[in-house]
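To start, the structure itself, in structure tokens.
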Amino acid sequence: MVNNFNCPGDLSLFGTFDLSYAPTLLFYSYIPIIFISLALALFILIKDQFSLQSKLLLGLSLSFSVWVINIILQWITVPAYLNYFEWQITPFFEILIPIFSVYFVYVFLEKRDIEIWAKAFLAMITLSVFVLSPTKFNSISFDVLNCQANLGPLLYCIYIFEFISSIAILLYGVIKTASKKLAEEEKSQIRLLTSGASIFLVIFSLSNMFGETFNTYSINLFGPIGMVLFIGLLGYMIVRFKAFNVKLIATQAFMFALIAMIGAQLFFIKIAINFLLTGFTLAASVIVGGLLIRSVEREVAQREEIESLAKNLAKSNDKLFTVNEQLKELNKQKTEFVSIASHQLRSPLTAIKGYASMLLEGSFGPVEDKARGAIDVIFESSLRLVTVIEDFLNITRIELGKMKYEISVFDLGQLAQTVVKDQEPNVKKRGLTIEFQDGTGNHQISADSGKVTQVVSNIVDNSIKYTPPSTDAEDKQAGWIKVKVENLPAGRSKTKENVRLTVSDSGIGIDPATLTKLFDKFVRADDAGKTNISGTGLGLYVAKQIVEGLGGKIWAESEGKGKGSTFIVEFPRSSGEVTKTKSQVESYTKTDLPTLSKVEGKTLQNGKK
Ligand code: ADP
Numbered sequence: 097m098v099n100n101f102n103c104p105g106d107l108s109l110f111g112t113f114d115l116s117y118a119p120t121l122l123f124y125s126y127i128p129i130i131f132i133s134l135a136l137a138l139f140i141l142i143k144d145q146f147s148l149q150s151k152l153l154l155g156l157s158l159s160f161s162v163w164v165i166n167i168i169l170q171w172i173t174v175p176a177y178l179n180y181f182e183w184q185i186t187p188f189f190e191i192l193i194p195i196f197s198v199y200f201v202y203v204f205l206e207k208r209d210i211e212i213w214a215k216a217f218l219a220m221i222t223l224s225v226f227v228l229s230p231t232k233f234n235s236i237s238f239d240v241l242n243c244q245a246n247l248g249p250l251l252y253c254i255y256i257f258e259f260i261s262s263i264a265i266l267l268y269g270v271i272k273t274a275s276k277k278l279a280e281e282e283k284s285q286i287r288l289l290t291s292g293a294s295i296f297l298v299i300f301s302l303s304n305m306f307g308e309t310f311n312t313y314s315i316n317l318f319g320p321i322g323m324v325l326f327i328g329l330l331g332y333m334i335v336r337f338k339a340f341n342v343k344l345i346a347t348q349a350f351m352f353a354l355i356a357m358i359g360a361q362l363f364f365i366k367i368a369i370n371f372l373l374t375g376f377t378l379a380a381s382v383i384v385g386g387l388l389i390r391s392v393e394r395e396v397a398q399r400e401e402i403e404s405l406a407k408n409l410a411k412s413n414d415k416l417f418t419v420n421e422q423l424k425e426l427n428k429q430k431t432e433f434v435s436i437a438s439h440q441l442r443s444p445l446t447a448i449k450g451y452a453s454m455l456l457e458g459s460f461g462p463v464e465d466k467a468r469g470a471i472d473v474i475f476e477s478s479l480r481l482v483t484v485i486e487d488f489l490n491i492t493r494i495e496l497g498k499m500k501y502e503i504s505v506f507d508l509g510q511l512a513q514t515v516v517k518d519q520e521p522n523v524k525k526r527g528l529t530i531e532f533q534d535g536t537g538n539h540q541i542s543a544d545s546g547k548v549t550q551v552v553s554n555i556v557d558n559s560i561k562y563t564p565p566s567t568d569a570e571d572k573q574a575g576w577i578k579v580k581v582e583n584l585p586a587g588r589s590k591t592k593e594n595v596r597l598t599v600s601d602s603g604i605g606i607d608p609a610t611l612t613k614l615f616d617k618f619v620r621a622d623d624a625g626k627t628n629i630s631g632t633g634l635g636l637y638v639a640k641q642i643v644e645g646l647g648g649k650i651w652a653e654s655e656g657k658g659k660g661s662t663f664i665v666e667f668p669r670s671s672g673e674v675t676k677t678k679s680q681v682e683s684y685t686k687t688d689l690p691t692l693s694k695v696e697g698k699t700l701q702n703g704k705k
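Shown next as structure tokens:
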């Protein structure tokens, strides 16, 4: 019985402990390691929201810490019975270390719990060690003189188990990283964790084994250095893979280590004044450390807030994108609806226009003057409606990317002259004058003559509409319209030329504010209704889309209200032949939506260019 015996040393501390036999390294190496490993494990536990892997890491840190404390106690406990008890319980904490290591590595890498049979196996091993600890299998007797137990085979079995576990972890890492499915980053993570855990276990088991075998217990002191390595590795992983917050962990670990080291000194100091000084240093370290940790915490919180804001922003961006897509779809449906409705309106309107015209021409017999006035209104209104519907159809074609262009080479001068001629009766009717000026040379352009006619007609028609009429045929002040076609150098180039069409009038003019948005959809100047009641504000929008779709430019100039306006259309001059057979006419559909600012994305329909 060891009950009444004491190990060497006096019962100086709490009537039980004597620190003088313990090697200094014991406090310096063991205590900070306990603090660091526990701090890290606790931090990860909170950060990882109490996940299984973080609980297992805490389990590993706790069992390791208790093991270390038990070893320290063995060095300093004087009563033999107590010391013997500490020796006897060692295997229990020792076995928990490889068990938690294996379990943790598996869960960390597989992201799931181990199978029930594996749990049962690990539990069985732990339980056997627990049951065998107080038996001769663990310690045969206690040597009071040297204050150490004569060990049975149990601890050696555990060392072997630790060694096998470390090899198993290493092999597991090698097999896992051989898989081609994993990303390189994941592989490095696996390599780091498995090698770290296995190095820790190997150092731990070998140092214990040597120490025990050759009775050189100071070798045991190097065992926990493996834990430092393992913790360092976890720290590195945290930095590399940004698993947790590095700065905070580093600061906390550093502060804990510092405080632990200063605190450990208190155990060796024999002079009162030194004791006091160290006490002060310790207190100062605790305060400064606390402040430092708090400032880092604040910074980290701010960063986390920024990160979460960024995440929210990304989420709302995604939402906006979806909503935008839905809106685009809705817009397309709306355009399609307008297109169908306009088509449906066209046929009855043609009938109205046709019959009104026939009635006016007397195809159904003479028409009374009273009725003629009414039929005239019907005819004029139907003409206006035709224009509106044409504009709608053109817009829907443009917006749906279905605008089709038939390209040929023609003379813009000739085209403009024809338009002017066609409009002459209209001009006369309003008591205005129109003049056409043809510049020198030919004015060939490569475009869609039908669409360009539509654009030129629209501009000339506008000049007539927005120039106040004159009732007096001899009026010298009567409004005028001038149409001019000429060739101009394109930009600074001396070789390339543009063909420019200018339509100017002496009409109501345009104020600068309206001028900037004149070519937008549904834009009409405030005073437009006075001279032309029935406009829609669509003609210029369609004109711009067509001109730009054909590679030209269109703009308006005016010195202001009442000062007349000038509309200019420019196309690059073409050197091609004017005479083209029908089969040489190229056609393409403009597909880019919604504004056709450049001639790009041409879909050539007949495979010709
Ligand atoms: P609408 O003539 O049907 O209103 P447009 O798109 O052809 O539609 O013209 C848009 C607006 O531009 C007109 O309402 C008018 O205010 C202005 N505008 C067009 N041409 C002239 C012009 N020659 N002189 C003055 N204003 C004009």
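Residues in the sequence shown are numbered consecutively from 97, following the numbering used here. Idealized CB from N, CA, C, for every residue including glycine.
Residue 509 to residue 642 span [Cα, whole Å]: 18 Å
beta-carbon residue 620 near the ligand ADP non-hydrogen atom, thresh 7 Å: yes
Unbroken beta strand (DSSP E) run spanning residue 649, endpoints: 649 to 654
Continuous beta strand (DSSP E) stretch holding residue 504: start and end: 499 to 507
Check whether residue 347 and residue 392 have beta carbons under 8 Å apart: yes
The alpha helix (DSSP H) enclosing residue 113, as first and last residue numbers: Unbroken run through residue 113: none, as it is neither H nor E.
Chain-order list of residues whose beta-carbon lies under 7 Å from that of residue 636 (same chain, five-residue window excluded): 614 and 615
Reduced DSSP category for residue 480 - H, G, I as helix; E, B as strand; rest coil: helix
Heavy atom of the ligand ADP within 7 Å of residue 658 beta-carbon: no
Residue interval of the alpha helix (DSSP H) (run including residue 621): Note, residue 621: premise wrong, no alpha helix (DSSP H); not H, not E.
Nonlocal neighbours in the same chain, by C-beta distance under 8 Å from residue 549, ignoring five residues either side: 511, 514 and 515
Limits of the unbroken alpha helix (DSSP H) element including residue 287: 280 to 309
Residue from 435, 501 and 561 with nearest C-alpha to residue 480: 561
Residue ranges of each beta strand (DSSP E) within the region 513 to 598, 3 or longer: 529 to 534, 540 to 543 and 576 to 585
Proximity of residue 297 and residue 161 at Cβ, strictly below 8 Å: no
Any non-hydrogen atom of the ligand ADP within 7 Å of residue 529 CB: no
Burial state of residue 163 (16 or more Cβ within 10 Å): buried
DSSP state of residue 610 mapped onto helix, strand, coil: helix
Boundaries (first-last residue) of the beta strand (DSSP E) holding residue 236: 235 to 239
Beta-carbon contacts of residue 236 that lie in its chain and below 6 Å, excluding the five residues immediately before and after: 246 and 248
Minimum Cβ-Cβ distance from residue 666 to chain C less than 8 Å: Annotation note: the requested chain C is absent from the structure, which comprises a single protein chain.
Nearest candidate by alpha-carbon position, reference residue 634, set 528, 564, 551 and 413: 551
Cβ neighbours of residue 382 in the same chain (closer than 8 Å, five flanking residues each side left out): 355
CB of residue 243 within 8 Å of CB of residue 179, strictly: yes
Alpha carbon of residue 496 to alpha carbon of residue 429, nearest angstrom: 10 Å
CA-to-CA distance, residue 384 to residue 267, given in whole angstroms: 45 Å
In DSSP terms, what residue 666 is bridged to: 596 and 649
Outcome for residue 422 when other beta-carbon atoms lying within 10 angstroms are tallied against a minimum of 16: exposed
DSSP three-state assignment for residue 230, whether helix, strand or coil: coil
Beta-carbon spacing of residue 647, residue 501 below 8 Å: no
When 193, 447 and 455 are compared against residue 326, the one with the closest alpha-carbon: 193
Nearest-angstrom beta carbon gap, residue 221 and residue 260 [assumed within contact, 8 Å]: Not confirmed; about 11 Å, so no contact.
Minimum C-alpha distance to residue 472 - residue among 464, 456 and 487: 456
Inter-stretch contact at 8 Å, needing at least 3 Cβ pairs: the region 654 to 662 / the region 580 to 600: yes
Three-state class that DSSP yields for residue 632 in the structure shown: coil
Beta-bridge pairing of residue 175 - partner residues as DSSP gives them: 102
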